[in-house]
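For reference, the structure is listed below as structure tokens.
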Amino acid sequence: MDLDKDNANPTIINPSDLPSRRRSAPTTKRAGIFDVLAPAYPTLLAAPSSPPEAQSDISSDSEEEEDREEIDEQEVYDLISTISDPEHPLSLGSLGVVTLDDIKILTPTSPRSRISTVTVLITPTTSACSLTTVIGLGVKVRLVNALPPRFRVDVRIKEGTSKTADEVNKQLGDKERVAAAMENKSLVSVVNNMLATCE
Amino acid sequence: MPAITLLATLSPPCNARTWSSTPHPHLPIIATACSDKTVRIYSLQNFQQQSTISGGHKRSIRSCAWKPNSRGESVLATGSFDASAGIWRRWEEGGGNGQDAEIDFTGGLSGGGEKDEDDDDEWRFAVILDGHDSEIKCVTFAPTAPLLATCSRDKSVWIWEELEDDNFETVAVLNEHEGDVKCVAWHPSEQLLASASYDDNIRLWGEDVDDWACCALLTGHEGTVWCVEFEDANNIYALGSSENLTSEQQAYVQVRLKAGPRLISCSDDMTIRIWRRVPKDKPELPAGQIKTPSIWKNRDFEEEWIEECRLPQVHERPIYTVNWSKKTGKVVSTGSDGKIVVYEERWKSSKISNGDADGDVVMAGGTPAPDMEDLTAKKVHGSEGHMGGLTEWVAVAEVENAHDVFEVNHVVWAPRADKDKRTEDEEVIVSTGDDGEVNVWTLDT
Amino acid sequence: MSDIQLYLLEADKNAQEARRIAAQSASHLQNKTLKLIDLVTSLEPYLNNKEDGSLRAKSVAYVADVLTALPPKVLSLQERRLLCDFLLGRLEGDVEGVGATARALIALETLGKWDSETAQGVMRSFIDHTNPLRQFKLQTERHAIIQLVDMLLAKYRDPIRKLNEDQSDFTANFILYWEGEKDPRNLMIIFSLLQVPMTEWDISSNAQDLFDSVFNYFPITFKPPPDDPYGITAQDLKDRLRACIAANSDFAPYAFPQLLDKLDSTSMNTKRDVLVAIQACVTEYEAKTINLYSVTLWDALKFEVLNVQEEDLAEESLKALSMIGGKLAELPEGGPLNAYLRPIIKECNEHLEDAPTKQSEAAGRILQALAISGPAVADRIVKGILPVLFALYHASESITKRRGLLEVFTQIVGAFVKLSQLLPGTNITTLQAFAKDAEDAMIHALAKAPKSEVSFRLSSLTGLSQLVAAPGVLTDKQVERAVDTVTDVVLHDSSGGHGDIRAQAVQALASIAHNAPQAVRDRTIPAFMVMLPDSPDEGDVVTVTLEAFAQLATERQVFDTVVLRLKNKLRAAKHQGAPASYLRALLLAMLYAFTMGSPMQEDGVILSSYYKDYAQPLVNDFVRSDTGAAASELEIVGRICNIILRAQGVHMQATVFHEDREWMSEDMTGDSDSNTARGPFMLYYYASLRPEVVEAEQIVNMLQSQAKQALRDRQTTQESVTTLRLISLVVNKFVSPKAVQASLQEANIEVERLCNEASAAQAIHVAFAVVKGLLIQGKSGSLTTKYLNSLFDHLTITTGMTAAHLFATLLAPDDILTKANHCQISGLYKQKVFGQLVPKLTAAIRTADAGKKAHYLVALSGILKWQPYSILAASLPELIPALLQTLDLYADQSIKASALTVFESIAMHDPDALSTHAASLIARLLKCCIASPPRGTTTPASSSTTTPTNFPSVRAKSLQCLALLPKQLKLEIVVPFRRQVVKQLMGCLDDGKRVVRLKAVQCRTAWLSLEEEGGEED
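Protein chains in written order, with our numbering: chain D, 1 to 199; chain W, 10001 to 10445; chain C, 20001 to 21018.
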């Protein structure tokens, strides 16, 4: 794997400027700092009348069960932003290779269909990034492994950011090639190294 | 309108992606190529796994092909991502009794010496074909000659000739494609090979003065061409008896007969296209007769094929396989969107409107077949803008989520063999998916 | 036979004996029965034996041993001279037994000091006749010689130094002498003795040789043998070697180039050694020497910081750079320092041009490190950097760039903060010049910049608090401006949404309060008060403000002001009839202040006056006057009293308690409703009291009344929890161990009775409460044992499930029963329960029928839930099968959850214990991680419940557990399951809950990464 740095000193996005669910969550929802002061005592001791399991310390989420948290762009972003760039010891997120705005989820086209589509546009660190394909592959593999199979994953190079865009797009779009690549030990190890930094 | 209903899921399923399934030429079994480096042989009678082929390949097996008319012993070719193709042999059930002579003979030739008992139901690894630089994507035997075609990501198509059993010789390495060659298919009656490629093109290859070369380039697709296949010579009769046809219709039949089997292709661009050979003015020499040798580039050798029409677009994502029923002329297709769609060609219901036509008109789409002017005309650029073709393709049945939410990689017509089969030549549709399952479907009209 | 003959016989066989013989001859010499001259002559034949060198060596050894054994004053000066000359004389012709010779000489020297000539003579003859040392193969021989030389250098410094001055060739030979020594023991001494010439002799002419002779060993790579009796570590050697390298400024011309050359090494350890060595040189060498190399050093060291390979290397390099700065600052004339700083400042300024980059951040670190090295340096850096920095700042529109620049500025300020801690009164005038500029920029950033520019505003925030922290840099007015801005962020920054920096702002405010308390008191606190109405209409914003306000209490300087304002606000609010939620919030704020904040203390104990000033009034307002305050409010008041009161001494507590007992007493006895109502307060109030404060008879009363209530069936959950906890408390803390059973009977809550009259479920609850108190106390062991058994027996009855669940409460952590609350906490109660009950349970589980089995399983996991793993580890073989079964209890999530926790720790600590159960464990985990498990798998225990679904927490937990297996178990065990697990987990990727999905992804990744059999090349 040729790791000649195309861009030795890329601009790095400060972590606190990266999109995150924590920050985009409305403050009203977060638990107040006072709540910990008077914790609910393990209520197993509670009134004999009520069946213990109904109020075991985790019973709270039996209600939560109803409202399903759909997989959204932020979640996809969190899955791939932590992938590390093969030539810098930095995350794709902090390098701006993947951004929240360039992730789109398309819900099923027809009521009968259950297939959703995730489209990720990646922005190479330089227009001549020799490793664009590898990065794209890393993103694709990560999402194929981490998203439920009802998602179709399309990874593309953002228009006008790379000379080789079309070529790369076609490769990443070719399931047969991706499958074959994932049976190639040396390629797999490169990709695994990139994904090692993922949660 | 007809419905596609699930008849069975072959069991046990594979724990990993399955790529394609190929029905045996005369036995009620089907071979499934799996990414776990094995081929699983299932029975179409009881839908149970019958045997497995493993240990021969280091990576995914992408495709396999049965050697035609090999009685007494089954011969299977496997193409793998490990860049090699394998040839496997197995005595057919009961093949042993009454045919000892034949078996000993083959056994002797295959260098196996005399076969011992357990050989009977064992798959024997006969020979490995090396030569490709990278993943083999498709293998297929020729119906008309002892030829095997393989194609690979290395952009090449190889043609191997089996001189005698298990002795294969490379007769041609065809390098004109500019991208992976995804699929190869033989013409049912001529020594003509079609190949589909990542370079968005289809090429036809023939033997020009005992030298294989490209005789036609079919352009038009706007994405990888995943699969090509020739129709059966008799498909024309699927349109119905030649009685009470209008004059145009009869003329069209003539052209079709003259042109011979058509070619169908499906692509990443979500279209399915049918290609037809443009007949030459001077009568074609009957197939098989030797052309007059010439040191000049033989003009007759060049063939011209045109896009006759496109099938109605039902798929919403890349189409991976299209398959043409030898019996009914129906076409089945599948792909990334997990749908299985069946299409039928019929005379355009101008005055003759058969019962369910109204129901189908809605489904009708794509581009109409060309009308008389085009047929007589030499050149036809695609078929855009030509109104009132004679036949039309209609999507007659469709099933979504054929393999749950997974992509479907392959679909094929196979003779129905289970106890509930309704008619002698009833066919089933066999689909192969990313979920590692192989589903068998019936088409109920 | 003569001694010498005997000695020679023994010498090889038995060194002990040989030495004894020598000692014997020594005593002969002492009591004059043997003359020295005879002894010497007796040696003749052996000493001069031409053939046998070892014989000669041994006879010298004999001499050495004799002399070593000899007490002082036996030999005359002449005799010693004679012996000395004789020994040295031998060296010229014969070096056999040279080691012994050295030993002999050392012995002689101890018998009587030498004059300069002798000392020099000894030294010379060794250097001249036994050079180089390495010719002697025996380490012991060389060691003896080295010790001799070491002694000479230690005791005869001047004479030996004169050798260096008078005899041109001496020092050269002296250096050569040690060449090629490899033995660590010897090197330890050599490195130390060489420091004498290095530091005390004029070695200008031999500097390079001397330096090379030690630097050859650099970097030392030495692994001490596993059982090294001498216990010499690589570090010892490194330290001594470093001392040599740094010993003399004359080494600089050789040291720095070679060190910097080695700095390019690819081995991180070498680089480490180099950096430490450089630091040593910088400290030891003279400033004027360092001056010659300062820029060269900078050019080399900067790379370690500009592109960091290993963080610690960067740290060391920064340290070195800083030391150089400090060193040069020592020089009276400023020239050298400027010369050093000029290129640094130039380069850093260049990096600032394209801030923020790795380089510009590095520049910030460098400048800070240097500035810390001293006021002079800091001053120059400010002058050199800040004008450029602010020019760039104003020239640039890019917020990111401005952020980068501000961060560098803040680092420089940080240096000043540290400086003024190290040497107060550091001159900060230069920095002051830029303070206004900086403050304006940051204030503008905080107030005006788009909220989405989080990092920009954050760094401005830290910048401001740093500025305030640097004493005297800001004028009081400027400080107030800073305080106002930050306060404003806390109070008015658009809450929620992308880029809410309130939390950090509150932090900053607290740290500002530390450095500028007055400003915070005058500006922030009033501002907060304005935002806190006496009686608000809508709640949320207020609680946010309140939380922020309470957090200010973490700074001692403003603590009192904060709580005082809270108290007044609370009174006003109550007066205005504010909504209960607001009162509660205010109470919580106070509680927070006292628990998390830093109240004033008196020798480690919170001031007792707080009780009178704060707790008392609350008690009066909320508890005494029957205002029907909500239970939650009472609890909070209770907690506030508790936190202040519990630390106080007996006397203080007693006075408080006696005041309160009147109005409380009727509660404790009669069971008026106010009694139950005040429960929550009582609980915490009594928890705070020392046992000796409450009299016995009160206790009995209390126990009785509480028992009465507990056994009443018309109680809310909240009430019964409180009473039960009170019972545990009283039993544990107040009832004297001797009187336990009696008092229990009096209160008629004797456990066995409670268990037998299993009628009311309340009874069993009380039973557990009592046992918990006793158990944790650990004073009355036999009784507890008895009670635990009766609890266990209770499981067999059909309604045993209640009891089963209560076992979890026995060991559950409890913020009432704590040492801080003067409770009796036995260290071993968990072990006790485990030892007594777990074997019985596992046994019962094996035999019991499905119905009962469920009881045992629940009880078991209840006990295991709180056990430290170390206790479980011993009995895994029995536990694992039982735990696997608990995973089938779809009914109970908490049970399952705790079982999973146990499996998690097993997988962490004793994976092999799971190997045999892998199949069934994996199958169960896969079931537990899907929302609704397949039907028909539910056990009788769960048949009661309606929805057999796994809660998210359980799903997440089991996935977490499952994820451990591929990492922890042996490959051959897990690989067979790989494809199956990977396939099944696809379902979990689509779980309804995000947390679960995250776990599913991690788990699946773990399994995917398992190496499949049949790997291939390429």
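Think of the CB as a built atom: it goes at the ideal place given N, C-alpha and C, for glycine as much as any other residue.
Query                                                                                                                                  : Result
Chain C within 8 Å of asparagine 193 of chain D, Cβ atoms only                                                                         : no
Under 9 Å from the C-beta of isoleucine 12 of chain D: neighbouring residues of chain W                                                : Within 9 Å Cβ-Cβ: nothing; isoleucine 12 of chain D doesn't reach chain W, min ~37 Å.
Status (buried if at least 16 other CB within 10 Å, exposed otherwise) for glutamine 20984 of chain C                                  : buried
Euclidean distance between Cα positions of lysine 20967 of chain C and serine 20915 of chain C                                         : 13 Å
Which of helix, strand or coil DSSP assigns to aspartate 17 of chain D                                                                 : helix
Where alanine 10016 of chain W meets chain C, residues with beta-carbon distance less than 9 Å                                         : Arg20979, Val20982, Lys20983
Contiguous alpha helix (DSSP H) assignments of at least 4 residues, all confined to the stretch 20150-20199 of chain C                 : 20157-20166, 20170-20177
Close Cβ partners of phenylalanine 20594 of chain C (< 7 Å) along its chain, the five nearest in sequence each way excluded            : Ile20640, Ile20643, Ile20644
Residues from the stretch 20585-20598 of chain C in contact with chain D, defined by Cβ distance under 9 Å                             : Ala20585, Leu20588, Ala20589, Leu20591, Tyr20592, Thr20595, Met20596
Whether aspartate 20264 of chain C touches alanine 20207 of chain C by CB criterion (8 Å)                                              : no
Chain-ordered neighbours of serine 113 of chain D on chain W, where CB pairs are closer than 9 Å                                       : Glu10316, Asp10337, Gly10338, Lys10339, Glu10400, Asn10401
Residue-chain proximity (aspartate 78 of chain D, chain W), Cβ-Cβ < 8 Å                                                                : no
Beta-carbon neighbours of glutamate 10446 of chain W, restricted to chain D and to distances below 8 Å                                 : The structure shown has nothing for residue 10446 of chain W, since chain W only spans 10001 to 10445.
Nonlocal neighbours in the same chain, by C-beta distance under 6 Å from alanine 20363 of chain C, ignoring five residues either side  : Cys20348, His20351
Residues within the stretch 10132-10159 of chain W neighbouring chain D, beta-carbon criterion of under 9 Å                            : Ser10134, Glu10135, Lys10137, Arg10153
Three-state secondary structure (DSSP) of threonine 21005 of chain C                                                                   : helix
Nonlocal neighbours in the same chain, by C-beta distance under 6 Å from arginine 20556 of chain C, ignoring five residues either side : Ser20598
Assigned exposure category for tyrosine 20230 of chain C - 16 Cβ within 10 Å defines buried                                            : exposed
DSSP state of lysine 20957 of chain C mapped onto helix, strand, coil                                                                  : helix
Proximity winner among W/Thr10334, W/Arg10203, W/Ala10083, W/Ala10065, relative to alanine 10077 of chain W (alpha-carbon distances)   : W/Ala10065
Threonine 9954 of chain W in three-state terms, based on DSSP                                                                          : Residue 9954 of chain W lies beyond the stretch modelled for chain W, which goes from 10001 to 10445, so this question has no answer here.
Proximity test, Cβ basis, 8 Å: serine 21009 of chain C and chain D                                                                     : yes
Burial state of valine 191 of chain D (16 or more Cβ within 10 Å)                                                                      : buried
Residue burial classification, methionine 20323 of chain C (beta-carbon count within 10 angstroms, cutoff 16)                          : buried
Per-residue DSSP class, three states only, for proline 20375 of chain C                                                                : helix
Short Cβ contact (8 Å threshold) for glutamine 10045 of chain W with alanine 10417 of chain W                                          : yes
Close Cβ partners of lysine 20840 of chain C (< 7 Å) along its chain, the five nearest in sequence each way excluded                   : Phe20792
Spatial distance of arginine 20457 of chain C from arginine 20403 of chain C (CA atoms)                                                : 8 Å
Alpha-carbon to alpha-carbon, serine 20511 of chain C and serine 20455 of chain C                                                      : 19 Å
Neighbourhood of alanine 47 of chain D by C-beta, 7 Å cutoff - its chain only, sequence neighbours within 5 removed                    : Legend: pLDDT at alanine 47 of chain D = 34, less than 50; position of this residue unreliable, no value from coordinates given.
Own chain partners of glutamate 20304 of chain C with C-beta closer than 6 Å, once the 5 adjacent residues on each side are dropped    : Leu20313, Ala20314, Ser20317
Contact set between proline 15 of chain D and chain W, taken where Cβ atoms lie within less than 9 Å                                   : Simply none; closest approach about 35 Å.
Secondary structure of histidine 20805 of chain C, DSSP reduced to three states                                                        : helix
Asparagine 20049 of chain C - DSSP class collapsed to helix/strand/coil                                                                : coil
Alpha-carbon to alpha-carbon, glutamine 20258 of chain C and histidine 10057 of chain W                                                : 57 Å
Distance between valine 20149 of chain C and histidine 20129 of chain C (C-alpha atoms, nearest Å)                                     : 14 Å
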